[in-house]
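Engineer: So the sequence shown is numbered by our numbering: it starts at 264 and just counts up by one. In this text, a Cβ means the ideal position worked out from N, Cα and C, and glycines have one as well. Since the structure is predicted, the reported quantities are computational estimates derived from the model, not experimental observations. Supplied in structure tokens, the structure appears directly below.
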Amino acid sequence: MSSVRAPAVAGSFYPANAGELQAMVAGFLAGVAGGSLVAVPKAIIAPHAGYVYSGPTAATVYARLAPARGRIGRVVLIGPSHRVAFRGLALCGATAYASPLGTVTIDRPMLEHLARLPSVGLLDAAHAQEHSLEVHLPFLQMVLGESFQLVPVVAGDATPDEVAGLLDAAWGGPETLIVVSTDLSHYLDYDTCRRVDAVTVRAVETLDPQAIGDDAACGRVPVRGLLVTAKRRGMAVQTVDVRNSGDTAGSRDRVVGYGAWAFLETSACVAGACVAGDARAAEEAGTTAGDEGDDGAALLGRHGGTLLRLSALSIRHGLATGQPVTVTPQGVPPDLAAHGAAFVTLTRNGQLRGCIGSPQAWRPLVDDVVDNAFKAAFKDPRFRPLLREEVPGLELSVSVLTAPRPMAFTDQEDLLSRMRPGVDGLIFEDRGHRGLFLPQVWESLPDPVEFLSHLKRKAGLAPDHWSPTVTVRRFTANAIKSRDLPDASKLWTDDMANA
């Protein structure tokens, strides 16, 4: 029997009239600067207050989803319970959620899958009057169209690990978006709000769930859970916008804070398998760098020395200050200022010492390399932070990746027949599990069957795992390496002379 969860706050939090609502959301989205709309996030955090207060902030991160219109088929929407107290995470029995812009079908098979998890159950009362989910529907409908199904979850008293477990179970691939709903501090004066929210911003940016105070965000339960899984997955986070009701439509003596964040997927390499090959192998392995049009080997031929020196500079700066270096745009060659994706790998005495990277371009290549070099040295969860005494003998490599493209296949045998040994890097995803191998892994695993089996293990799956929901994306890469940390005293001179 079908049932629709009707709007509860239309006419109060946002307009009940469809035309007026559509015009309001379109206006918010139109006010977002287009220059920042580059990468489609895997997960976002957005506020849920009345639109006149939080709508401009929500729009800044929702606008980033526009390129995924027609691609995102599932939205996992989780927000806090404001009206019903309960333990755990609440699903609903409805078949659709409605807004003045129409109804959104609920992904019942996914809800049935999630219902098997501990601390997850059915509680329609938690959904009936809850605004923390409802206010996001018009933004989702306007940005994504009618192509998606909804997985609505109301969070009660739950641990970060319980929330993370639910998100992992629904994670999926590029077809799945995670939306976490929260406002920030409540009813403080303007200056105090800014100070308190700054602490929360830092907690989100550093993926530190314990640093979010109980009074810092009404959606602290789902936010903490997202930070747990984001840290485990090595995700990158961008603060898109932070403001409060004193900046939008209210007085400054008693304000509510709002923030918007975008979470993007990065990947750590498999141990021992990220060492870049020689220049000849790198030339044979790939085609383009980061985006269409430029040959990756040619880019490394022009700027490989610079990328190695930037990586070294970031690591040395990290040893001295604990932070990655900031690269100013002045003097950066245009093709390094363009968006690109890179992995940075460290080895010592032939053993992997750290490897972090971005599987797809979402920021300038120069920034991607600098940040990933710092993380490879100090943030790879498999290793303790690099020490000064380990620098002698440290080998460094930079791999520049093409954009991952979905592979079409009918079954595992068909997939194996389409894999290109020595050429393809692969991203294997299924049921919230994900693993990535760079093309260099073929050097140690030349057989496609063994390559795929080890990739499944990397994703946390059995070597013989297969299901109809498996997705695989492929990319190529070119690499350059140095047998020690190169001199970073001059960055652009040599490359500009050779340009």
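(1) Pick from Arg465, Leu328, Arg495: whose alpha carbon is nearest that of phenylalanine 411?
(2) By the DSSP assignment, the alpha helix (DSSP H) with glutamine 404 in it spans what residues?
(3) State the start and end residues of the unbroken beta strand (DSSP E) segment that holds serine 745.
(4) Which residue wins for smallest C-alpha separation from valine 607, given the options Ser508, Val324, Ser662?
(5) Work out the CA separation of phenylalanine 738 and aspartate 687 for me, nearest whole Å.
(6) Could you check which residue in Ala271, Leu352, Arg694, Ser707 has the C-alpha nearest to that of alanine 725?
(7) Taking the Cβ atom as the reference point for each residue, do proline 343 and alanine 418 lie within a distance shorter than 8 Å?
(8) In angstroms, rounded to a whole number, what distance separates the CA positions of alanine 432 and leucine 377?
(9) Taking the beta strand (DSSP E) that asparagine 507 falls in, what are its first and last residues?
(10) For arginine 483, which residues from the same chain have a beta carbon less than 6 Å from its beta carbon, with the 5 sequence-adjacent residues on both sides left out?
(11) By DSSP, does leucine 689 sit in helix, in strand, or in coil?
(12) Would you be able to state if there are at least three C-beta pairs under 8 Å between the region 512-525 and the region 312-324?
(13) How about valine 518 and cysteine 456: do their beta carbons lie closer than 8 Å?
(14) Specify the secondary structure class of glutamate 528 as computed by DSSP and reduced to three states.
(15) Given a cut-off of 8 Å, decide if leucine 380 and leucine 429 are closer than it, judged by their beta-carbon atoms.
(16) Tell me the rounded alpha-carbon separation between glutamate 409 and tryptophan 434.
(17) Do valine 272 and histidine 390 have their beta-carbon atoms positioned less than 8 Å apart in this structure?
(18) Please report how far the alpha carbon of valine 735 lies from the alpha carbon of glycine 723, in whole angstroms.
(19) Which residue marks the beginning of the alpha helix (DSSP H) containing arginine 350, and which one marks its end?
(20) Does the region 664-673 come into contact with the region 627-640, if we say contact requires no fewer than three beta-carbon pairs (one atom in each stretch) closer than 8 Å?
(21) Could you tell me if serine 228 is buried or exposed, where buried requires 16 or more neighbouring beta carbons within 10 angstroms of its beta carbon?
(22) When you compare the CB positions of isoleucine 369 and leucine 413, do they come within less than 8 Å of one another, or not?
(23) Quick one: residues in its chain with C-beta nearer than 6 Å to the C-beta of leucine 490, no 5 flanking neighbours on either side, listed in chain order?
(24) Could you spell out where the beta strand (DSSP E) holding arginine 517 opens and where it closes?
(25) Give me, in chain order, the residues of the same chain whose beta-carbon lies closer than 7 Å to that of alanine 279; leave out the 5 immediate sequence neighbours on both sides.
(26) At 4 residues or longer, and completely inside the region 406-457: list those alpha helix (DSSP H) runs for me, N to C.
(27) DSSP puts valine 267 in a beta bridge; with which residues?
(28) Grab the span of the alpha helix (DSSP H) containing phenylalanine 637 for me, first residue to last.
(29) Please classify valine 538: does DSSP put it in a helix, a strand, or coil?
(30) Where do the N-terminal and C-terminal ends of the alpha helix (DSSP H) with histidine 390 fall, by residue?
(31) Could you check the C-alpha separation between proline 270 and leucine 403 for me, to the nearest Å?
(32) Measure how close the beta-carbons of glycine 522 and isoleucine 341 come, nearest whole angstrom, since I'm counting them as under 8 Å.
(33) For leucine 527 and leucine 650, what's the separation of their Cα atoms in angstroms?
(34) Give the single residue among Leu599, Val383, Leu659 whose Cα lies nearest to the Cα of aspartate 785.
(35) So that I know if they touch, is there some Cβ in chain B lying closer than 8 Å to that of arginine 346?
(36) Determine the DSSP secondary structure at isoleucine 335, reduced to helix, strand or coil.
Structural biologist: Here's the rundown:
(1) The residue with the shortest Cα to Cα distance from phenylalanine 411 is Leu328.
(2) Element bounds for glutamine 404: 400-407.
(3) For serine 745, the uninterrupted beta strand (DSSP E) segment begins and ends at 740-745.
(4) Checking every option, the nearest Cα to that of valine 607 belongs to Ser662.
(5) Straight-line Cα distance between these residues: approximately 6 Å.
(6) A check of alpha carbon separations from alanine 725 across Ala271, Leu352, Arg694, Ser707 identifies Arg694 as the nearest.
(7) Contact flag set, yes.
(8) When rounded, the distance between both Cα atoms is 7 Å.
(9) That run of the beta strand (DSSP E) goes 499-507.
(10) Only Ile475 meet the Cβ criterion.
(11) In the displayed model, leucine 689 falls within a strand according to three-state DSSP.
(12) By the Cβ test, the region 312-324 is in contact with the region 512-525, since at least three Cβ pairs between them sit closer than 8 Å.
(13) Cβ atoms of valine 518 and cysteine 456: closer than 8 Å.
(14) DSSP places glutamate 528 in coil when its eight states are reduced to three.
(15) Taking 8 Å as the Cβ cut-off, leucine 429 and leucine 380 qualify as a contacting pair.
(16) Glutamate 409 and tryptophan 434: Cα-Cα distance of roughly 20 Å.
(17) Going by C-beta atoms, histidine 390 is not nearer than 8 Å to valine 272.
(18) Rounded to whole angstroms, valine 735 to glycine 723 spans 15 Å at the Cα level.
(19) It is not in any alpha helix (DSSP H) - arginine 350 carries neither H nor E in the DSSP assignment.
(20) The region 664-673 and the region 627-640 do not touch, with fewer than 3 CB-CB distances between them shorter than 8 Å.
(21) As shown, the chain starts at 264 and ends at 762. That puts residue 228 outside it, with no answer to give.
(22) In contact: isoleucine 369 and leucine 413 (Cβ atoms closer than 8 Å).
(23) Contacts found: Leu470, Pro472.
(24) Careful: arginine 517 lies outside any beta strand (DSSP E) and carries neither H nor E.
(25) Listed in chain order, the non-local C-beta contacts of alanine 279 below 7 Å within the same chain comprise Ala273, Pro363, local neighbours out to five positions each way being set aside.
(26) Counting only runs of at least 4 residues, the region 406-457 fully encloses the following alpha helix (DSSP H) elements, listed from N- to C-terminal order: 423-433.
(27) Partner residues in the beta bridge of valine 267, as assigned by DSSP, are Ala359.
(28) Segment 628-641, the alpha helix (DSSP H) holding phenylalanine 637.
(29) Only weak support exists for where valine 538 lies, its pLDDT of 28 falling under 50; the value from the coordinates is given anyway. Correct three-state label for valine 538: coil.
(30) Here the alpha helix (DSSP H) through histidine 390 covers 387-391.
(31) Cα-Cα distance, rounded: 15 Å.
(32) 16 Å between Cβ atoms; not a contact.
(33) Straight-line measurement puts the Cα of leucine 650 at about 28 Å from the Cα of leucine 527.
(34) Residue 785 lies beyond the residue range present for the chain, which begins at 264 and ends at 762; the question has no answer from this structure.
(35) The structure shown contains no chain B; it is built from a single protein chain.
(36) Reduced to three states, the DSSP call for isoleucine 335 is coil.
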